[in-house]
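Protein chains in written order, with the numbering used here: chain A, 1 to 356; chain B, 357 to 712; chain C, 713 to 1068; chain D, 1069 to 1424.
4 protein chains.
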Amino acid sequence: MAGNSFGTLFRLTTWGESHGPAIGVVVDGTPPRIPLAEADIQHWLDRRKPGQSRFTTQRREPDQVKVLSGVFEGLTTGAPIQLLIENVGQRSKDYGEIKDRFRPGHADYTYWAKYGIRDYRGGGRASARETASRVAAGAIARKILGDAVRIRGAVIQMGPHKIDRARWEWEAVEDNPFWCPDRQAAQLWEGFLDEIRKRGSSAGAVIEVVASGVPVGLGEPVYDKLDGDLARAIMTINAVKAVEIGAGFAAAALSGEENADEMRMESGRVRFLANNAGGILGGISTGQDIVVRFAVKPTSSILTPRRTVDIHGHDVDISTKGRHDPCVGIRAVPVGEAMLAVVLADHLLRHRAQCG
Amino acid sequence: MAGNSFGTLFRLTTWGESHGPAIGVVVDGTPPRIPLAEADIQHWLDRRKPGQSRFTTQRREPDQVKVLSGVFEGLTTGAPIQLLIENVGQRSKDYGEIKDRFRPGHADYTYWAKYGIRDYRGGGRASARETASRVAAGAIARKILGDAVRIRGAVIQMGPHKIDRARWEWEAVEDNPFWCPDRQAAQLWEGFLDEIRKRGSSAGAVIEVVASGVPVGLGEPVYDKLDGDLARAIMTINAVKAVEIGAGFAAAALSGEENADEMRMESGRVRFLANNAGGILGGISTGQDIVVRFAVKPTSSILTPRRTVDIHGHDVDISTKGRHDPCVGIRAVPVGEAMLAVVLADHLLRHRAQCG
Amino acid sequence: MAGNSFGTLFRLTTWGESHGPAIGVVVDGTPPRIPLAEADIQHWLDRRKPGQSRFTTQRREPDQVKVLSGVFEGLTTGAPIQLLIENVGQRSKDYGEIKDRFRPGHADYTYWAKYGIRDYRGGGRASARETASRVAAGAIARKILGDAVRIRGAVIQMGPHKIDRARWEWEAVEDNPFWCPDRQAAQLWEGFLDEIRKRGSSAGAVIEVVASGVPVGLGEPVYDKLDGDLARAIMTINAVKAVEIGAGFAAAALSGEENADEMRMESGRVRFLANNAGGILGGISTGQDIVVRFAVKPTSSILTPRRTVDIHGHDVDISTKGRHDPCVGIRAVPVGEAMLAVVLADHLLRHRAQCG
Amino acid sequence: MAGNSFGTLFRLTTWGESHGPAIGVVVDGTPPRIPLAEADIQHWLDRRKPGQSRFTTQRREPDQVKVLSGVFEGLTTGAPIQLLIENVGQRSKDYGEIKDRFRPGHADYTYWAKYGIRDYRGGGRASARETASRVAAGAIARKILGDAVRIRGAVIQMGPHKIDRARWEWEAVEDNPFWCPDRQAAQLWEGFLDEIRKRGSSAGAVIEVVASGVPVGLGEPVYDKLDGDLARAIMTINAVKAVEIGAGFAAAALSGEENADEMRMESGRVRFLANNAGGILGGISTGQDIVVRFAVKPTSSILTPRRTVDIHGHDVDISTKGRHDPCVGIRAVPVGEAMLAVVLADHLLRHRAQCG
């Protein structure tokens, strides 16, 4: 396929550039007769919206979603749903330096090398602005999954600073600008990020997203395993460099006795005594929490001058002025949640198709 | 799609169970007029073959591949290539315990819950035996990529024991039974694994696969990014729980200055001064080495009795007798290499389609 | 997949209902650096536009296309191209009868039965208005094919009245409101259709679309044969009930000697002495004209009261007031041309991918 | 995708050449726990088998199917089912003429032009032998559809000789070697075909396949309409040049009053008063019989010398010796039935996925 679609039965196709007239997504395959209003989608977009604290970009992106199709009298019809978000508030005037120079860590060079042309305004198609479409589609995915499935996310490492998992409180996540579940860590991060921001540098992050209440049996072996699709879904988010499920990389250091989650019956149902598997065995959900962790690299746009080359093949330097996130990882939380929802919704439909 | 296919233009469809009459793969989309003999494929299968040292399972799987279609007078024709490997040497006689009990860490429970039926003999479809088909297909992918692209892999962590990257020698990889690039680490691992094996336990591993000579421009943003497809390709390998590209999780702890790879012109070509990106920016190859790292959990089949449940809903214990790998991660090296080759071959064709 | 996409590498995803705010199409996979302006697309949309003669519906659909993405400084970038057409001039006020009653020959009943909900305004998603998106996408497909490939169409039968192929003049097609290549037939049809229109009835039509200059070798056996994809592309156009290639149904009555097109060398190239194959053998283009013929049923909306049922399970009658095409087949000509272009563009890219 | 697969959730991937060691098909996406034995598949293969009368090729193709995967203890497991048919009884010795010369009406020239190589033995991949895989897969599709859905086919025109539909008896179909539902026509055809066969010529045919008992609601608008998928499924069968649904081409000559099928309630269910729609409206099944008609061109291999060219670019003549069907259309009946079953099974699963 052409590259801008995701999913098999519940299927997104996104389009649009950072500084074009609009961005959007066609959401195809939604079951009919699900109540859906623009406000249902706006709710999740607002969580991703920048400019909500000094730790995210000060650009103003109202990100107002419009539903152009697929909904009739407040209900989905089964037809494709076009969600459109107009781009407003871009300052496209001056792209002098960026126009000809490849910013290190960005997709500037590779787009140029691949396509021989590139929309350099704000990153064009490679801008993280595309993730607004994912969040919008994720809102519909959540509707398909229903209230029994709960999807939440948190930042668990900011730069080199990890949280203490013993202090994890889901409630804390909403109380600080970092989606941090550890109140003490959140305080530390505030100073850390302020310092980073002031000197025009940036920091990476590790995010954890969790789905609870997922039924047993989702996932299609062997190439459409649930974890395979999740890995792809997450890795395609801008700036993500790593994905793990359950114990993840730490599993390599465990013994077989420690790693394999034992089972016991409890009230007539299978209960796992641990969750190193992260809720997935053989590519199929176990009914436990699905736990996905991913790393976001530090924002590549920083104030320090960097060595690079230009489109004419000359060595040049570049530094990024203007408004940027000191840590893009923060805004990746609602995006990671959305992609988890999208993958689960697709597999829910696929499972129903084959297994009834 | 149905779940047993991978790739868009260069496309695998695998089939077969561990203890059925045969396993195999249909490889579709191979360009015509590529010289291909069974020996070209057998070469790579032999590297994956078990029973080559005391550190891999002592099962005898000759894994002799037959080419049933798509090749005529020694050349590919463009038609689908069916590769078939007969299953010989299974000891299917006694599955008493395994038949009714779910082995912790295996797909037994999830297959049963999803399908209501499961071929319990040797793991059935969920067996790592399926990876032989991947390796066979990978041999064709390498032919498509040609000699300019070199794909290699190594185990870089065995259980908790990491290599020292300063001692990395690619030549060392062929000289020890662990594909270990650090000769000192290899010696240490020998004692470690012997001990693990003797007490019937198991260890995990971390593998690194690297592709050199990959042209700039492979990868299709935004959902078919090269790293997205690699993440899926690798995560669908049995027992894999984590995937990272370039600096991976470590990128989260870097500053923007440290992470973004700078560029300079050198002999008329763009040269990157580091490779934290692992050869991929914006989902598109940069021309640098593509570096993928992944974690394999410890073999779930161990001698120690484990708590579990059976298909009748009773609490029971289970321990695995018979021949098993103390570390399945070792045999994952040729599989990881194969999946890297498969993804690159697919994207080479896709890039040629759109960009000529 | 979800059902609203077409094509593998050059891929459309359409969305929108007849009486919603807008319709549109995401065109993914377009090669980069192709000059593309809104006017290039508008040209073809204008040919499909209704209200141009008394023989097509008098509804006013300005069908003004907007390019929202994928084009930068007048050139395609390789990113998805969103084409949006606002819906203006619908008279949605009064749907009294249609709201609850299933119009015979329309998709009213099947949408209701399938989805349990239906946007009844103007046919909703099932409206032929969707074909505007096809025509818009077809304009981009023509750009990919380039000037060497010429795609034209004509109505060759109006109701029971066939043209005389001996009088075929391509120039005539532009000179009458029926796209009729036979000037005498066009005159006859005028009276015939006037009579049909006046008594509120409708007529079917047969359309022929032809692509000249198509290179040898397009088409992917065996399930993605060029004729297979064309058959699907054409059959999914509203009201189409039959598709044939070359001699089509007439081939059944020929002898083997008459049917198989002989070959001779001419100026160093293979020349076929006839074209019963319609330019396709074994699912692959021969280099001859590709000839596709299809039947469009008579417009189902007519003045005569018809027996039907309503959503409450009662027997009722229905007749359609308002503006309707006496023969929808006329406006199917540019749509058939567009779908032919779309299929050829996709296969051009696919052929380049596998065969270089 | 690569071209040798069909279907979205119920998905075939076929492989193999006429004179290679074997042909086969991977059937993916079958629901679990369906009873399936080799005999269930063999039953349908035997109906397609050549050499059963003097009107089909005298080649001996025992076509013995083997189930290599996906079935355990007599039940499907949900895993991919590999069906393998060994090629026996080919006389591959002498391909002198055919090796270098392009047979008119065959895919020889286009395969050569596309791929630059071709397996000329018996047509290679382009041989109608591939249709045995379709029939085998169709047997599984019928199992998914269950007994409530009945799929039957008949030859309704042999060369120029049509049946009289007033004399249609389904029982007659099994009583003559032509699957002819009109006993009088069958007698006429016997003489006609004998004469054709004796002078080494060939005849085309028109086949009608019908599915009864199909539930309302199958089909995914707008590009995966049921009729769109059927058109593609049928058009990809070897030698097919035309497909129509319901009234098909004849619909063009009907008036709106005649064509649109009226409805009435009957015993609480919707009943259509005619079936010009062929059981499909708006791409979705109506619950009526699904009626598909298609034309098969006359066998291109005939005794009469034909003008052609060779791979060296010389004008040459060619005539086909050996065993060939005077009318390949006869053997297309079980193939058409199989493809109808395959499309319906896929859409049954897809409908269940989206609409529950």
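Positions of the beta carbon are idealized from the N, C-alpha and C atoms, including for glycine.
Interface partners of residue i on chain A, CB under 7 Å
i, result
"Thr-513/B", "This sequence places Gln at residue 513/B; Thr is not what is there. Residues of chain A passing the Cβ test: Ala-252."
For residue i, the nearest candidate out of the options (CA to CA)
i, options, result
"Leu-273/A", "Ile-284/A, Gly-282/A, Glu-257/A and Gly-283/A", "Glu-257/A"
"Glu-842/C", "Ser-717/C, Trp-882/C, Ala-1057/C and Gly-958/C", "Ser-717/C"
"Gly-1173/D", "Val-1156/D, Ser-1195/D, Gly-1287/D and Leu-1408/D", "Ser-1195/D"
"Arg-1064/C", "Arg-864/C, Pro-927/C and Ile-753/C", "Pro-927/C"
"Pro-334/A", "Val-270/A, Gly-246/A and Ile-237/A", "Ile-237/A"
"Gly-994/C", "Tyr-935/C, Val-739/C and Asp-906/C", "Tyr-935/C"
"Thr-788/C", "Gly-78/A, Glu-38/A, Ile-117/A and Ile-41/A", "Ile-117/A"
"His-713/B", "Thr-13/A, Glu-17/A, Ile-290/A and Glu-266/A", "Outside the displayed span of chain B (357 to 712) sits residue 713/B, for which this structure offers no information."
"Thr-1372/D", "Met-1407/D, Glu-1312/D and Lys-1266/D", "Lys-1266/D"
"Arg-101/A", "Ala-139/A, Val-291/A, Gly-123/A and Pro-221/A", "Gly-123/A"
Chain B contact residues for residue i, given Cβ-Cβ distances below 8 Å
i, result
"Cys-892/C", "Those do not exist, as Cys-892/C stays about 38 Å from chain B at its closest Cβ, beyond 8 Å."
"Val-1356/D", "The sequence as given places Gln at residue 1356/D; Val does not occur at that position. Ordered by position in chain B, no residue passes the 8 Å Cβ test against Gln-1356/D, which lies about 29 Å from the chain."
Cα-Cα separation between residue i and residue j, rounded to whole angstroms
i, j, result
"His-1380/D", "Asn-631/B", "52 Å"
"Arg-1005/C", "Ile-1091/D", "34 Å"
"Ala-1053/C", "Val-885/C", "19 Å"
"Thr-8/A", "Ala-2/A", "14 Å"
"Leu-440/B", "Gly-584/B", "29 Å"
"Glu-693/B", "Ala-504/B", "16 Å"
"Arg-1233/D", "Gly-1259/D", "20 Å"
"Ile-1219/D", "Ala-1253/D", "22 Å"
"Gln-82/A", "Glu-618/B", "39 Å"
"Val-210/A", "His-161/A", "21 Å"
"Pro-1394/D", "Glu-1263/D", "10 Å"
"Arg-1425/D", "Gly-1088/D", "In the structure as shown, chain D starts at 1069 and stops at 1424, and residue 1425/D therefore has no counterpart that could be examined."
"Thr-883/C", "Lys-855/C", "One detail in the question is off: residue 883/C reads as Glu in this sequence, not Thr. If you take the alpha carbons of Glu-883/C and Lys-855/C, they lie about 23 Å apart."
"Ser-1137/D", "Ile-810/C", "52 Å"
"Pro-298/A", "Ser-201/A", "9 Å"
"Ala-242/A", "Ile-590/B", "12 Å"
"Pro-31/A", "Leu-230/A", "22 Å"
"Val-738/C", "Trp-15/A", "7 Å"
"Val-421/B", "Ile-156/A", "47 Å"
Cross-chain neighbours of residue i in chain A, by beta carbon under 9 Å
i, result
"Val-572/B", "Tyr-109, Thr-110, Ala-113 and Lys-114"
"Arg-837/C", "Ser-69, Gly-70, Thr-77, Gly-78, Ala-79 and Pro-80"
Listed by chain order, chain C residues near residue i by CB distance under 8 Å
i, result
"Cys-352/B", "No statement about residue 352/B is possible, as the shown extent of chain B runs from 357 to 712 and does not include it."
"Ala-139/A", "Within chain C, no residue comes near Ala-139/A; the closest Cβ sits about 17 Å away, beyond 8 Å."
"Phe-1260/D", "Within chain C, no residue comes near Phe-1260/D; the closest Cβ sits about 11 Å away, beyond 8 Å."
Partner residues on chain C for residue i, Cβ-Cβ distance less than 9 Å
i, result
"Leu-696/B", "Correct list: empty, because the minimum Cβ distance to chain C is about 20 Å."
Contacts that residue i makes with chain C (C-beta to C-beta distance below 7 Å)
i, result
"Leu-705/B", "Ala-1065 and Gln-1066"
"Pro-21/A", "Leu-780"
Chain A contact residues for residue i, given Cβ-Cβ distances below 8 Å
i, result
"Val-738/C", "Asn-4, Thr-13, Trp-15 and Val-26"
"Asp-831/C", "Phe-72, Thr-77 and Ala-79"
Residue i: contacting residues in chain D (beta-carbon distance under 7 Å)
i, result
"Arg-944/C", "Gly-1296, Asp-1297, Ala-1299 and Arg-1300"
Which complete beta strand (DSSP E) runs does the stretch 1166-1217 of chain D hold, if anything under 3 residues is left out? none
message: Please give me, in chain order, every unbroken run of the alpha helix (DSSP H) with length at least 4 that falls completely inside the stretch 1346-1405 of chain D.
response: none
Touching or not, the stretch 392-408 of chain B and the stretch 1177-1190 of chain D, by the rule of three or more beta carbon pairs under 8 Å? no
Of all the beta strand (DSSP E) runs that stay within the bounds of the stretch 172-228 of chain A, which reach a length of 3 or more residues?
-> 205-212
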